[in-house]
Amino acid sequence: MPSKGVHVFTYIAVQGISIEISVPKQTRTIDQVNQFWNGALEVETRNIDSFFNKSGRFTFKVFKNKTNLVTEQWIEVNAITGNASGGTMDTIAQTPAILKDNIIITYGFYEAGPGHDLLPSRHQCYIAITPNYADWMGKLVPPNSPLESKPFRRFVLPSAHDVGMNSMQSSEAVLKKIGGAIVSTMVHDNKLMSEITDAVSGPAIALIAPNIIHSLAITQKDSLFDMLAIGARYFEFRPAHCHKAIIPSKALPDRLYFQHSAIPGMAYEVFLKDVVSFLVARPTEIVVVQLRWDGVPGECARPSDQEQREYLDTALKTANGALLAGNIDDLRNKSIGQLRKEKKRLIMLVNVDSLSTYTDEGNASLNGDSIVAAFPKVLPNEQVCRGRNFVNIQCQATAANIPKAIVYSVLEAGTTTSCILATKGICDSKTLPWVRDNALRTCGSETLVVVMNDFLDGATVDVGVQLSRQRLGK
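Numbering (this note's numbering), first residue to last: -11 to 462.
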């Protein structure tokens, strides 16, 4: 009988929490703590009583102490066509982190449709439940405790990859003003655009421009405030002015924006303002920001040193002296207590070298195997990390570098079909256990470590927090 599968990935880091997942006439409960669990359920036509409507509901419920319902999320899955729609997970934008009862639930849903080529044939759902980590540094290293004398570089910092691409707001403003024809300029990748134009006519590209941008560039779905509450403490930001072909339209104010190629995302001044506001409200926390311009075309003017200082000074003024900017020397040489005492809890870096696990070939994966295979090659032992500014372990898969995956996402894109989202659960179920089990051995405890991921989730953060605890105990 026809059926459609849903592959579910879970991680629980809070005692007394359980997750109930269900489809018609099939229910499973997961309550193991600190384990990466995954399994598949089948929406089967034989289990759907209606003769004409063969859609069945996939649901997950989160319970506290077995009986207290924290949240319930669901979507309708057609067992015959494979389509998923309706409910509370119908769009990526409908799945923000849930902050409730001092826990955080991060989750996402990918609609596989009938399945194409390399992409998953089952729908994908990931769920992670962790404590509210808005103050995780303060709880791990309380003020005036002996641990404050430990070097800041002992921390393992969770990171949201491409933090500025958490919404379509800026891109939609450009498309509305100029039209979809500008998408080829924004993508700035002739090879990729040729793959798309081979499959669809030029005029039609303008009609699906939002799908192209969404599939290529949207890597986060939570607000910056929520990412910080989830536990992110390291961000890479690529601030630049919009492409010179966009500026004359005045679709956006001529300011600095996060640029993904030439696709504009979060405004830099908003990013800085929100980070400063968070740090002022959370006096034990420390955030590292690295400015870089990888992949940003020359037509997007980069800020001068003076312009960078002006943006930063404007943001810091709102702290009324409660916060100062640190630098790479502070990151490498000062203790946690020193940084707090000196108010240098916003460490600003510009094009600082690091040891990164990322490669175009290795991270261009749909199942995470090549990413995990690269980890021990880049990080064979702690000797290779010594003397480095920091180590960046990049867990995110760049499915956007696989043309076939992009073409499907673009041509048949819906509100839950991002090929970037398609890789999330399966890759995390392999990469994060490796990081948890090997980072202490391969990176040692004397070099700052960053763990970076798309669609920042609680499992990524919890791995970073637990590794920080171990390294601080050394």
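Positions of the beta carbon are idealized from the N, C-alpha and C atoms, including for glycine.
Quick one: give me the first and last residue of the alpha helix (DSSP H) that P421 is part of. By 1-based counting over the sequence shown, the position of residue 421 is 433. K412 to C431 is the span of the alpha helix (DSSP H), which, as asked, contains P421.
Straight-line gap, A250 to F48 (C-alpha atoms, nearest Å): Translated into the one-based positions of the sequence shown, residue 250 becomes position 262. Translated into the one-based positions of the sequence shown, residue 48 becomes position 60. If you take the alpha carbons of A250 and F48, they lie about 38 Å apart.
Taking 8 Å as the threshold (C-beta atoms), are E349 and R141 in contact? For this step, residue 141 is matched to residue 153 along the sequence shown. For this step, residue 349 is matched to residue 361 along the sequence shown. No, the pair does not count as a contact, with Cβ atoms beyond the cut-off.
Same chain, Cβ closer than 8 Å to E257, neighbours up to 5 away in sequence not counted: Locating residue 257 in the sequence shown gives position 269, where the first residue counts as 1. Counting only Cβ-Cβ distances below 8 Å, and skipping sequence neighbours, we find R243, L244, Y299, T302 and A303.
Grouping DSSP H, G and I as helix and E and B as strand, with all else coil, what is S172? Start at 1 with the first residue of the sequence shown, and residue 172 comes out as number 184. Reduced to three states, the DSSP call for S172 is helix.
Look up C288 in the DSSP assignment and say whether it is helix, strand or coil. Walking along the sequence shown from the start, residue 288 turns up at place 300. In this structure, C288 counts as strand in the three-state DSSP scheme.
Buried/exposed call for N351, threshold 16 Cβ in 10 Å: Locating residue 351 in the sequence shown gives position 363, counting from the first residue. By the C-beta density criterion, N351 is buried, having at least 16 other C-beta atoms within 10 angstroms.
With distance defined between alpha-carbon atoms, name the residue in Q157, G44, F24 and K331 nearest to E32. Here residue 32 refers to the residue found at position 44 when the sequence shown is read from its first residue. For the residues Q157, G44, F24 and K331, the minimum Cα distance to E32 belongs to G44.
Just verifying my parser: in three-state terms, what is the DSSP assignment at P8? Position 20 of the sequence shown, counted from the first residue, corresponds to residue 8. A small correction: the amino acid at residue 8 is Glu; Pro does not occupy that position in the sequence shown. If DSSP states are grouped into helix, strand and coil, E8 belongs with the strands.
Excluding five sequence neighbours on each side, which residues of the same chain lie with their C-beta closer than 8 Å to the C-beta of I206? Residue mapping note: residue 206 aligns to position 218 of the sequence shown, counting from 1. If we look at I206 and ignore the five residues flanking it on each side, its Cβ neighbours are I80, M153, N154, S155, M156, S406 and I408.
With DSSP as the reference, please indicate the residues paired to N56 in a beta bridge. Indexing the sequence shown from 1 puts residue 56 at position 68. DSSP output for N56 lists K52 as bridge partner(s).
Among residues of its own chain, excluding the 5 on either side of K462, which ones have a beta-carbon nearer than 7 Å to its beta-carbon? Residue numbering aside, residue 462 sits at position 474 when the sequence shown is read from its first letter. Shown here for K462: same chain residues with a beta carbon closer than 7 Å to its own, the five before and five after excluded, namely S433 in chain order.
Inter-residue Cα distance where the pair is K332 and L312: Here residue 332 is taken as the residue at index 344 of the sequence shown, counted from 1. Here residue 312 is taken as the residue at index 324 of the sequence shown, counted from 1. Cα to Cα, the separation comes out at about 5 Å.
Which of helix, strand or coil does DSSP assign to T302? Translated into positions along the sequence shown, residue 302 becomes position 314. Helix at T302.
Taking 8 Å as the threshold, find out whether the stretch 193 to 200 comes into contact with the stretch 163 to 173 through three or more Cβ pairs. yes
Note down the Cα distance separating N66 from E99, rounded to an integer number of angstroms. To locate residue 66, count along the sequence shown from 1; it is residue 78. To locate residue 99, count along the sequence shown from 1; it is residue 111. Distance between the alpha carbons of N66 and E99: 11 Å.
Within 8 Å, strictly: CB atoms of R221 and L145: As a position in the sequence shown, residue 221 is number 233, starting the count at 1. As a position in the sequence shown, residue 145 is number 157, starting the count at 1. Against a cut-off of 8 Å, the Cβ pair of L145 and R221 comes out as a contact.
Cutoff 7 Å; reference C431; Cβ partners in own chain excluding five residues on either side: Against the sequence shown, residue 431 aligns to sequence position 443. Excluding positions up to five away in sequence, the list reads L367, E370, C373, V379 and V437.
Within the same chain, show all residues whose beta-carbon is closer than 7 Å to that of E64, passing over the 5 residues directly before and after it, in chain order. Numbered from 1 along the sequence shown, position 76 holds the residue referred to as residue 64. Same-chain partners within the cutoff: S43, R45, A72, S73, G74 and G75.
How close, in whole Å, do the beta carbons of A228 and V284 come, if the pair is a contact with beta carbons under 8 Å? Taking the sequence shown and counting its residues from 1, one reaches residue 228 at position 240. Taking the sequence shown and counting its residues from 1, one reaches residue 284 at position 296. Confirmed, about 5 Å.
Excluding the five sequence neighbours on either side, which residues of its own chain have a C-beta within less than 6 Å of the C-beta of L135, listed in chain order? Within the sequence shown, numbered from 1, the residue matching residue 135 stands at position 147. Answer for L135: V129 and L460, listed in chain order.
Would you mind giving the Cβ-Cβ distance between R424 and N339, rounded to the nearest angstrom? I have them listed as a contact below 8 Å. Counting from one through the sequence shown, the residue named residue 424 turns up at place 436. Counting from one through the sequence shown, the residue named residue 339 turns up at place 351. Going by Cβ atoms, the distance from R424 to N339 rounds to 30 Å, so no, they are not a contact pair.
Between the beta-carbon of R270 and the beta-carbon of Q247, is there less than 8 Å? By 1-based counting over the sequence shown, the position of residue 270 is 282. By 1-based counting over the sequence shown, the position of residue 247 is 259. Contact: no.
Pull up the distance between the alpha-carbon of H(-5) and that of H111, whole angstroms please. In the sequence shown, the residue the question calls residue -5 occupies position 7. In the sequence shown, the residue the question calls residue 111 occupies position 123. Their backbone Cα atoms lie some 6 Å apart in a straight line.
Going by beta-carbon coordinates alone, are Y114 and D442 separated by less than 8 Å? The residue given as residue 114 occupies position 126 in the sequence shown. The residue given as residue 442 occupies position 454 in the sequence shown. Against a cut-off of 8 Å, the Cβ pair of D442 and Y114 comes out as no contact.
Own chain partners of D450 with C-beta closer than 6 Å, once the 5 adjacent residues on each side are dropped: The sequence position of residue 450 within the sequence shown is 462, counting from 1. Around D450: A1 and T118.
Which residue wins for smallest C-alpha separation from N315, given the options K127, V276, L163 and A362? As a position in the sequence shown, residue 315 is number 327, starting the count at 1. It is V276 whose Cα lies nearest to the Cα of N315.
Determine the direct distance from the alpha carbon of T(-2) to that of T59, and round the result to whole angstroms. Mapped onto the sequence shown, residue 59 falls at position 71. Mapped onto the sequence shown, residue -2 falls at position 10. C-alpha separation (whole angstroms): 15 Å.
Taking the C-alpha atoms as reference points, what is the distance between P470 and K412? Because the chain is modelled from -11 through 462, residue 470 falls outside the range shown and cannot be assessed.
Alpha carbons only, please: which of D19, T69 and T419 is nearest the one belonging to T55? Start at 1 with the first residue of the sequence shown, and residue 55 comes out as number 67. Among D19, T69 and T419, the Cα nearest to that of T55 belongs to D19.
Looking at the secondary structure, which residues open and close the beta strand (DSSP E) in which N120 lies? Along the sequence shown, read from residue 1 onward, the residue named residue 120 stands at position 132. N120: not part of any beta strand (DSSP E); DSSP gives it neither H nor E.
Hey, Y95 and G219 are a contact pair by Cβ (cut 8 Å); roughly how many whole angstroms apart? As a working note, residue 95 is residue 107 in the sequence shown. As a working note, residue 219 is residue 231 in the sequence shown. About 16 Å separates the two Cβ atoms, so there is no contact after all.
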